[in-house]
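Heads up, the sequence shown is in the numbering used here, so the first residue is 2 and it goes up one at a time.
Just so you know, even glycine gets a beta-carbon here, dropped at the ideal spot from N, CA and C.
Worksheet: the structure to be examined is printed underneath.
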Amino acid sequence: MIQFDLRALENFKIRNFQASLRHTIFFIGLIRSISIHLHSPALKLAYLRLFQQALIIFFLPEPICNFTQVKKIRIMYRIMNLKIFAFVVLWGLSSLTVYGQMTVTDHRDAAFTEFGYRQGTAYRTASGKPGPSYWQNGADYMMEVTLDEENHVIKGSVTITYKNNSPENLDYLWLLLEQNRFTPESRGTLTTPVQGDRYSGDIDGGFSISNVKAQVVGKNKPVSSEYLISDTRMQVTPAEPIPANGGQATVSMDFEFKIPERGMDRMGRLDVEDGTIYSIAQWYPKVAVFDDVTGWNTDPYLGAGEFYLGYGDFEYKVTVPYDHIVVGSGELMNPNQVLTREQQRRMKEASESDERVYIISPEEITDYANTRPKQEGMLTWHFKINNSRDVAFASSKAFIWDAARINLPSGKKAMAQSAYSKESDGQDAWGRSTEYSKASVEHYSEMWYEYPYPVAVNVASNVAGMEYPGLNFCGYRAKGQSLWGVTDHEFGHNWFPMIVGTNERRHAWMDEGFNTFINYYSYLAFNDGEYTNNLKQTRRYTGWLTNPDREPTATHPDRTQSNNLGMVAYYKPALGMIMLREYILGPERFDKAFRSYIKTWAYKHPQPTDFFNHMENVSGENLDWFWKGWFYSNANIDLAINGVYPYGSNYVVSLSNHGELPMPVLLEITYEDGEKERKMLPVEIWFKGNQWNHLLRADKKVVAVEIDPDKVITDINSGNDKWPSDLYK
Numbered sequence: 002m003i004q005f006d007l008r009a010l011e012n013f014k015i016r017n018f019q020a021s022l023r024h025t026i027f028f029i030g031l032i033r034s035i036s037i038h039l040h041s042p043a044l045k046l047a048y049l050r051l052f053q054q055a056l057i058i059f060f061l062p063e064p065i066c067n068f069t070q071v072k073k074i075r076i077m078y079r080i081m082n083l084k085i086f087a088f089v090v091l092w093g094l095s096s097l098t099v100y101g102q103m104t105v106t107d108h109r110d111a112a113f114t115e116f117g118y119r120q121g122t123a124y125r126t127a128s129g130k131p132g133p134s135y136w137q138n139g140a141d142y143m144m145e146v147t148l149d150e151e152n153h154v155i156k157g158s159v160t161i162t163y164k165n166n167s168p169e170n171l172d173y174l175w176l177l178l179e180q181n182r183f184t185p186e187s188r189g190t191l192t193t194p195v196q197g198d199r200y201s202g203d204i205d206g207g208f209s210i211s212n213v214k215a216q217v218v219g220k221n222k223p224v225s226s227e228y229l230i231s232d233t234r235m236q237v238t239p240a241e242p243i244p245a246n247g248g249q250a251t252v253s254m255d256f257e258f259k260i261p262e263r264g265m266d267r268m269g270r271l272d273v274e275d276g277t278i279y280s281i282a283q284w285y286p287k288v289a290v291f292d293d294v295t296g297w298n299t300d301p302y303l304g305a306g307e308f309y310l311g312y313g314d315f316e317y318k319v320t321v322p323y324d325h326i327v328v329g330s331g332e333l334m335n336p337n338q339v340l341t342r343e344q345q346r347r348m349k350e351a352s353e354s355d356e357r358v359y360i361i362s363p364e365e366i367t368d369y370a371n372t373r374p375k376q377e378g379m380l381t382w383h384f385k386i387n388n389s390r391d392v393a394f395a396s397s398k399a400f401i402w403d404a405a406r407i408n409l410p411s412g413k414k415a416m417a418q419s420a421y422s423k424e425s426d427g428q429d430a431w432g433r434s435t436e437y438s439k440a441s442v443e444h445y446s447e448m449w450y451e452y453p454y455p456v457a458v459n460v461a462s463n464v465a466g467m468e469y470p471g472l473n474f475c476g477y478r479a480k481g482q483s484l485w486g487v488t489d490h491e492f493g494h495n496w497f498p499m500i501v502g503t504n505e506r507r508h509a510w511m512d513e514g515f516n517t518f519i520n521y522y523s524y525l526a527f528n529d530g531e532y533t534n535n536l537k538q539t540r541r542y543t544g545w546l547t548n549p550d551r552e553p554t555a556t557h558p559d560r561t562q563s564n565n566l567g568m569v570a571y572y573k574p575a576l577g578m579i580m581l582r583e584y585i586l587g588p589e590r591f592d593k594a595f596r597s598y599i600k601t602w603a604y605k606h607p608q609p610t611d612f613f614n615h616m617e618n619v620s621g622e623n624l625d626w627f628w629k630g631w632f633y634s635n636a637n638i639d640l641a642i643n644g645v646y647p648y649g650s651n652y653v654v655s656l657s658n659h660g661e662l663p664m665p666v667l668l669e670i671t672y673e674d675g676e677k678e679r680k681m682l683p684v685e686i687w688f689k690g691n692q693w694n695h696l697l698r699a700d701k702k703v704v705a706v707e708i709d710p711d712k713v714i715t716d717i718n719s720g721n722d723k724w725p726s727d728l729y730k
């Protein structure tokens with residue numbers, strides 16, 4: 002009988018246990034590292050089989066003798082190693098089949114915590130409406146100016162009647178002098194990059210202000226007033242405070258400025274063969290907004306940040322050389338004084354025609370004897386527009402001028418007009434401008450809110466694209482889809498921010514983003530899709546949108562890098578609105594909420610929280626997670642299908658949220674017989690973690706499952722959105 006050495010047996014146990022432990026730790030590390038890179042179920046299965054074979058080789062000890070006693074010991078330790086093997090395999094399976102639990106950061110706290118301070122006040126309710134004590138101040142303007150064509154100078158006067166509806170007395174008024182941007186020492190000039198950018202401008206201009214008078218209505222007569230000018234702001238101090246809750250004051254002054262050739266792509270002048278086209282904006286001193294959120298809004302005019310203006314009635318007279326045509330915001334009040342009888346007849350014809358009618362044809366541009374009511378001196382054009390936040394105009398002797406009727410849902414009529422030089426003419430160019438203008442305004446009026454102004458004027462200019470109430474400046478070289486796109490975009494601005502009066506200077510996304518969003522649907526509607534818009538092809542933007550070096554959408558435009566502004570303020574918020582409409586809420590709920598927002602805040606001043614609260618209350622959906630993730634961060638979206646597994650007579654679809662921004666999950670299920678079915682899983686599936694197993698009840702074989710089949714959301718990894726993956730079919 003063989004004697005067995007117990008010391009050798011103990012050494013054998015220790016050595017094998019230590020080896021097994023080392024091997025276990027090694028394989029745990031290996032499986033965790035490899036599983037990170039495996040998204041395909043087929044690859045996971047192949048890896049698991051290889052892993053199992055390797056475990057058998059590593060963990061079963063080699064025989065040290067042929068004796069029966071040792072064989073028994075080997076059996077005992079095989080059992081021990083099999084326990085270790087089972088532990089590692091189970092750990093491996095958990096890493097492979099629900100790998101997100103091991104490798105995906107849990108973003109629930111960041112995504113689902115309450116978003117900011119959004120309680121209601123007496124001024125703004127928690128439901129996103131103006132509160133019972135909401136107020137806003139207003140100002141009416143009367144201006145008379147003359148164009149000095151030889152010296153490119155505007156000279157005139159303005160009288161402002163200001164109404165203080167706020168609950169506090171106002172000791173002074175802040176006015177905006179935006180022409181002061183065009184001086185060598187302006188903040189805008191000093192903060193423009195050496196290499197320049199879109200908002201570069203001339204530096205030999207600026208306002209010359211004189212004869213400043215102020216009067217508190219009912220208190221005294223207009224007297225010379227104390228004032229100070231700081232860059233693009235002017236503070237005027239009346240002799241007495243303007244009383245709260247309805248007190249009024251008048252401020253008047255004379256002003257003049259040189260019209261810049263390059264006006265920061267918002268105004269300017271352009272020389273063409275038959276004359277000069279003057280695109281005139283930011284041309285008069287205007288009152289800054291005093292509101293319940295900031296008080297006086299006096300951010301300087303630097304360039305990227307546009308405008309925040311109050312509402313009022315405007316009446317203005319523009320005196321120009323007799324051979325000029327003037328088009329402007331609002332209704333022309335004296336056509337019988339500035340138009341010939343034939344032009345008045347054509348204007349009436351255009352007001353009843355869906356096809357364009359020439360007021361001045363290409364052949365008549367320089368035929369001043371037959372197209373002007375006088376042959377020398379100056380003519381004064383008189384315009385009026387009510388409940389507007391601004392006015393602009395254009396003047397030239399080189400204009401072709403045509404017009405057509407705009408049909409509004411209420412039955413009211415407006416008029417689309419185009420003014421352009423012969424350099425811009427052509428059926429593939431500005432010859433279609435009035436057609437584009439009419440279609441754009443009619444579409445937005447039908448889909449969102451009726452257009453309120455009597456005219457919609459498109460002017461061919463050296464300004465690439467800029468909007469004012471009822472009037473655009475668009476690039477004179479634009480043609481085809483380019484001209485349609487810029488015309489449609491600028492007219493869309495009549496809804497944001499002209500009707501819904503947001504603060505463009507701080508919240509560019511609330512006008513540029515919303516406008517880019519409504520432009521998408523206008524593209525689809527125009528001539529049944531004559532031009533294409535690829536905005537909804539969201540996957541092409543994913544890398545840009547989630548780059549941590551880009552500013553979030555809610556960033557102040559003047560603090561956004563110039564080359565980022567288009568995506569930050571235009572495209573990203575527009576994409577977010579498309580996802581909200583097409584994927585999260587659906588068109589029915591979204592459209593009702595968005596129309597309600599426009600109607601509720603028409604001619605008022607909503608803040609971002611008013612928009613968020615209004616959309617949530619009307620749609621009935623808590624969207625905190627979306628507002629935070631999309632507008633206030635660069636959170637990415639990455640939904641994934643881990644696998645689809647039989648579960649009795651049904652299936653389990655294993656899902657992961659690898660992204661920082663959770664989303665509802667739209668699944669398209671394809672069955673063996675070719676039938677497709679869609680199921681929307683709510684965002685609440687991610688409340689308790691980044692993994693979810695969906696029980697799919699099916700009475701036939703499932704052959705494919707896909708997330709977001711229409712590619713609406715900006716998912717950064719399309720490779721894990723399908724089962725089985727395209728790569729491994």
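**Request:** Determine the extent of the beta strand (DSSP E) in which Trp382 is found, giving its start and end residues.
**Result:** The sequence position of residue 382 within the sequence shown is 381, counting from 1. 379-389 is the span of the beta strand (DSSP E), which, as asked, contains Trp382.
**Prompt:** Out of curiosity, what's the CA-to-CA distance linking Ser726 and Gly720?
**Reply:** Residue mapping note: residue 726 aligns to position 725 of the sequence shown, counting from 1. Residue mapping note: residue 720 aligns to position 719 of the sequence shown, counting from 1. Cα to Cα, the separation comes out at about 7 Å.
**Asked** Does DSSP classify Gln338 as helix, strand or coil?
**Response** Position 337 of the sequence shown holds residue 338. Of the three classes helix, strand and coil, the one that applies to Gln338 here is helix, per DSSP.
**Request:** Please list, in chain order, all residues of the same chain as Ser209 whose beta carbon is under 6 Å from its beta carbon, the five residues on each side excluded.
**Result:** Residue 209 sits at position 208 when you count from the first residue of the sequence shown. Answer for Ser209: Glu257, listed in chain order.
**Request:** Decide if Gly481 is buried, meaning its Cβ has at least 16 other Cβ atoms within 10 Å, or exposed.
**Result:** Along the sequence shown, read from residue 1 onward, the residue named residue 481 stands at position 480. Gly481 sits exposed, since fewer than 16 C-beta atoms from the chains shown fall within 10 Å of its C-beta.
**Request:** Compare the beta carbon distance of Gly329 and Trp382 with 9 Å and say whether it is the shorter of the two.
**Result:** Locating residue 329 in the sequence shown gives position 328, counting from the first residue. Locating residue 382 in the sequence shown gives position 381, counting from the first residue. Yes. Within cutoff.
**Message:** On a Cα-Cα basis, can you pick out the residue from Leu668, Lys689, Gly248, Ala509 that is closest to Lys677?
**Reply:** In the sequence shown, the residue the question calls residue 677 occupies position 676. The residue with the shortest Cα to Cα distance from Lys677 is Leu668.
**Prompt:** Is it a yes or a no for the stretch 295-308 touching the stretch 140-157, going by three-plus beta-carbon pairs under 8 Å?
**Reply:** no
**Message:** Check for me: the beta strand (DSSP E) holding His270 runs from which residue to which?
**Reply:** In the sequence shown, counting from the first residue as 1, residue 270 sits at position 269. Sequence inspection shows Arg at residue 270; the His mentioned does not correspond to that position. 268-273 is the span of the beta strand (DSSP E), which, as asked, contains Arg270.
**Prompt:** Expressed to the nearest angstrom, what Euclidean distance is found between the alpha-carbon atoms of Tyr652 and Arg433?
**Reply:** Within the sequence shown, the letter at position 651 stands for residue 652. Within the sequence shown, the letter at position 432 stands for residue 433. Those two C-alpha atoms are separated by around 56 Å.
**Asked** Just curious, the beta strand (DSSP E) that Arg406 is in, first and last residue?
**Response** On the sequence shown, residue 406 is found 405 positions in, with the first residue counted as 1. Unbroken beta strand (DSSP E) run through Arg406: 401-408.
**Message:** Taking only three categories from DSSP, how would you classify Met348?
**Reply:** Here residue 348 is taken as the residue at index 347 of the sequence shown, counted from 1. Note: Met348 maps to helix in three-state DSSP.
**Request:** Quick one: using the 10 Å Cβ neighbour count with 16 as the cut-off for buried, is Pro470 buried or exposed?
**Result:** Walking along the sequence shown from the start, residue 470 turns up at place 469. Under this definition Pro470 is a buried residue.
**Message:** So, with DSSP's three-state summary, where would you put Asn623?
**Reply:** Along the sequence shown, read from residue 1 onward, the residue named residue 623 stands at position 622. Of the three classes helix, strand and coil, the one that applies to Asn623 here is coil, per DSSP.
**Message:** Taking its Cβ as the centre, do 16 or more other Cβ atoms sit within 10 Å of Met379, making it buried, or is it exposed?
**Reply:** Walking along the sequence shown from the start, residue 379 turns up at place 378. Per the 10 Å Cβ criterion, exposed.
**Message:** Going by DSSP, what residue range makes up the alpha helix (DSSP H) through Pro374?
**Reply:** Numbered from 1 along the sequence shown, position 373 holds the residue referred to as residue 374. Bounds of any alpha helix (DSSP H) do not take in Pro374, whose DSSP letter is neither H nor E.
**Request:** Pick helix, strand or coil for Asp611, following the three-state DSSP scheme.
**Result:** Within the sequence shown, residue 611 is the residue found at index 610, counting from 1. Three-state result, Asp611: helix.
**Prompt:** Under the rule that 16 or more other beta-carbon atoms within 10 Å means buried, what is Asp709, buried or exposed?
**Reply:** Here residue 709 corresponds to residue number 708 of the sequence shown, with the count starting at 1. Looking at its Cβ environment, which holds 16 or more other Cβ atoms inside 10 Å, Asp709 is buried.
**Item:** Close-in-space but distant-in-sequence residues of the same chain around Ala440 (CB under 6 Å, 5 per side omitted)
**Value:** Taking the first residue of the sequence shown as position 1, residue 440 is located at position 439. If we look at Ala440 and ignore the five residues flanking it on each side, its Cβ neighbours are Phe527.
**Asked** What residues in its chain sit with their C-beta under 6 Å from that of Thr610, if we drop five residues either side in the sequence?
**Response** Here residue 610 is taken as the residue at index 609 of the sequence shown, counted from 1. Arg119, listed in sequence order.
**Request:** Please determine if the stretch 145-162 and the stretch 655-672 are in contact, where contact requires at least 3 C-beta pairs separated by less than 8 Å.
**Result:** no
**Asked** Residue range of the alpha helix (DSSP H) that Glu436 falls in?
**Response** Numbered from 1 along the sequence shown, position 435 holds the residue referred to as residue 436. Unbroken alpha helix (DSSP H) run through Glu436: 434-448.
**Request:** Report the residue from Thr251, Lys414, Arg551, Lys629 whose alpha carbon sits nearest the alpha carbon of Phe222.
**Result:** Along the sequence shown, one-based indexing puts residue 222 at 221. It is worth fixing the name first, because residue 222 is Lys in this sequence and not Phe. Per the Cα distances, Thr251.
**Request:** Quick one: residues in its chain with C-beta nearer than 6 Å to the C-beta of Phe308, no 5 flanking neighbours on either side, listed in chain order?
**Result:** Within the sequence shown, the letter at position 307 stands for residue 308. So the qualifying residues of the chain are Glu505.
**Prompt:** Given a threshold of 16 other Cβ atoms within 10 Å of its Cβ, counted over all protein chains shown, does Ile65 qualify as buried or as exposed?
**Reply:** By 1-based counting over the sequence shown, the position of residue 65 is 64. Low confidence applies to Ile65: its pLDDT is 34, below 50, so where it sits in the model is not reliable enough to give any reading.
**Prompt:** How long is the line joining the alpha carbons of Gly567 and Lys349, rounded to whole angstroms?
**Reply:** Mapped onto the sequence shown, residue 567 falls at position 566. Mapped onto the sequence shown, residue 349 falls at position 348. When rounded, the distance between both Cα atoms is 41 Å.
**Asked** If you count every other CB in all the chains shown that lies within 10 Å of the CB of Gln376, and 16 or more means buried, which is it?
**Response** What you label residue 376 is simply residue 375 of the sequence shown in a count that begins at 1. When all chains shown are included, Gln376 counts as exposed.
**Prompt:** Alpha carbon to alpha carbon, what distance is there between Ser657 and Tyr302?
**Reply:** On the sequence shown, residue 302 is found 301 positions in, with the first residue counted as 1. On the sequence shown, residue 657 is found 656 positions in, with the first residue counted as 1. Whole-angstrom Cα-Cα distance: 47 Å.
**Message:** With a threshold of 8 Å, are at least 3 pairs of Cβ atoms found where one atom belongs to the stretch 393-407 and the other to the stretch 335-343?
**Reply:** no
**Item:** Lys600, DSSP secondary structure in three states
**Value:** The residue given as residue 600 occupies position 599 in the sequence shown. Helix.
**Message:** If you measure between the beta carbons of Glu622 and Val713, is that distance less than 9 Å?
**Reply:** The residue labelled residue 622 in the question sits at position 621 within the sequence shown. The residue labelled residue 713 in the question sits at position 712 within the sequence shown. It is not a contact, given that the beta carbons lie outside the stated cut-off.
**Item:** Helix, strand or coil at Trp175 [DSSP, three-state]
**Value:** Locating residue 175 in the sequence shown gives position 174, counting from the first residue. Here Trp175 sits in strand by DSSP.
**At least three beta-carbon pairs within less than 8 Å, the stretch 541-560 to the stretch 482-501** = no
**Request:** To the nearest angstrom, report how far apart Gly311 and Leu177 are at their CA atoms.
**Result:** Numbered from its first residue, the sequence shown carries residue 311 at position 310. Numbered from its first residue, the sequence shown carries residue 177 at position 176. Between the alpha carbons of Gly311 and Leu177 lies a gap of roughly 12 Å.
**Asked** So which of Lys701, Thr554, Gln562 has the shortest CA-CA distance to Gly577?
**Response** Position 576 of the sequence shown holds residue 577. Taking only the C-alpha atoms, the option nearest Gly577 is Thr554.
**Request:** Would you mind sorting Phe632 into buried or exposed? The rule is 16 or more other CB atoms within 10 Å of its CB.
**Result:** Against the sequence shown, residue 632 aligns to sequence position 631. Its Cβ being crowded by 16 or more others within 10 Å, Phe632 is buried.
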